[in-house]
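Q: Here it is, the structure, as structure tokens.
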Amino acid sequence: MAAQLFGGQVAGMRPDSAVYMLLDAARDPRIYSWLSEPREVIRQRCLYQGDVGDNLAHVAPYLLALREDQPESLRFAEAGFGHSWGLFLTSAAGFDDVRRHLRKFNVVYRQDGTPLVFRFYDPRVLRAFLPTCTGSELQRFFGPIDAFVAESEEGDALLRYSLRDGELVQSRLELDR
Numbered sequence: 003m004a005a006q007l008f009g010g011q012v013a014g015m016r017p018d019s020a021v022y023m024l025l026d027a028a029r030d031p032r033i034y035s036w037l038s039e040p041r042e043v044i045r046q047r048c049l050y051q052g053d054v055g056d057n058l059a060h061v062a063p064y065l066l067a068l069r070e071d072q073p074e075s076l077r078f079a080e081a082g083f084g085h086s087w088g089l090f091l092t093s094a095a096g097f098d099d100v101r102r103h104l105r106k107f108n109v110v111y112r113q114d115g116t117p118l119v120f121r122f123y124d125p126r127v128l129r130a131f132l133p134t135c136t137g138s139e140l141q142r143f144f145g146p147i148d149a150f151v152a153e154s155e156e157g158d159a160l161l162r163y164s165l166r167d168g169e170l171v172q173s174r175l176e177l178d179r
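Just so you know, this note's numbering puts the end of the sequence shown at 179, numbered straight through with nothing missing.
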């Protein structure tokens, strides 16, 4: 999977783009356990913070910086593929800027003002959500993100979502598995 994630098709043509994984610890108890293990340094941080982050750490979304030269960082990508553990994204923005941007979408509000947790980091949710967005909603959601990449519904490919002239573009990247 490393070849697909770090190849030009996912990372895009920008040589300064980093690849991140947005991981959903609620999908499998092993995720939080693995995140808590001492190991080589993998840059990671929960999207929740404060008391909410402390109380929900075991089921929260986490941003991980993936590195091709750090096989341990790919552990989650390999183990969770096909199980909706999360999604990937690319950005030239730094880790903290990407996290700050993504945190804006943790909670959404119904028309009556009721807050809801927005699990956009679940590939099943992202695949359904992005095609419903207007151009301005897409611009706001993408922000500094060049591309969001989710597993396909069948689990046999990566679906890369990006913007071109303000329009959503989806491309399918077959996996060499």
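The C-beta atom is built at its ideal place from N, Cα and C for all residues, glycine as well.
Here the structure is a predicted model, which is why all the values come from computation and not from measurement.
For the alpha helix (DSSP H) that Gln141 lies in, which residues bound it at each end?
A: From DSSP, the alpha helix (DSSP H) with Gln141 extends over Gly137 to Phe144.
Q: Can you list, in chain order, the residues of its chain whose CB lies under 7 Å from that of Met23, leaving out five sequence neighbours each side?
A: The answer, listed in chain order, is Leu66, Leu68, Phe78, Ala79, Gly88 and Phe90.
Q: Output needed for Leu165: all residues of its chain with C-beta closer than 8 Å, excluding positions within five of it in sequence on either side, in chain order.
A: Leu140, Gln141, Phe144 and Val171.
Q: What does the alpha-carbon distance come out to for the pair Ser75 and Val110?
A: Spanning the two alpha carbons is a distance of roughly 30 Å.
Q: Spell out the partners DSSP gives Val61 in its beta bridges.
A: Answer is none; Val61 lacks a bridge partner.
Q: Just reading off the alpha helix (DSSP H) that Ala81 is part of, what are its end residues?
A: First-last of the alpha helix (DSSP H) with Ala81: Arg77 to Gly82.
Q: Going by the beta-carbon positions, is the gap between Glu153 and Pro125 smaller than 8 Å?
A: Closer than 8 Å, so yes.
Q: Please classify Val119 as buried or exposed, where buried requires at least 16 neighbouring CB atoms within 10 angstroms.
A: Classification of Val119: exposed, given that the 10 Å Cβ count is below 16.
Q: Taking C-beta to C-beta, are Arg162 and Leu177 nearer than 8 Å?
A: Their beta carbons are not under 8 Å apart, which means Arg162 does not touch Leu177 by this criterion.
Q: Can you give me the C-alpha to C-alpha distance between Arg102 and His60, rounded to a whole angstrom?
A: Using only the alpha carbons, I get a separation of about 20 Å.
Q: So Ile44 packs on Gln72, CB below 8 Å; how close in whole Å?
A: About 7 Å separates the two Cβ atoms, so the contact holds.
Q: On a CA-only basis, which of Asp158, Thr136 and Val151 is nearest Asp167? Give me that one, please.
A: Considering only alpha carbons, the answer is Thr136.
Q: Buried or exposed: Ser86, going by 16 or more other Cβ atoms within 10 Å of its Cβ?
A: Buried, since its Cβ has 16 or more Cβ neighbours within 10 Å.
Q: Looking only at C-alpha atoms, which of Glu169, Asp99 and Trp36 sits nearest to Gly82?
A: Cα-wise, what sits closest to Gly82 is Trp36.
Q: Skipping 5 residues on each side, what residues in its chain have a beta carbon closer than 6 Å to that of Ile147?
A: Closer than 6 Å at the Cβ level, and outside the excluded window around Ile147, lie Leu91 and Ser93.
Q: Look at the Cβ atom of Phe150, then the Cβ atom of Leu128, and state whether they are nearer than 8 Å.
A: In this structure, Leu128 lies closer than 8 Å to Phe150 by Cβ.
Q: Specify the secondary structure class of Leu66 as computed by DSSP and reduced to three states.
A: DSSP places Leu66 in strand when its eight states are reduced to three.
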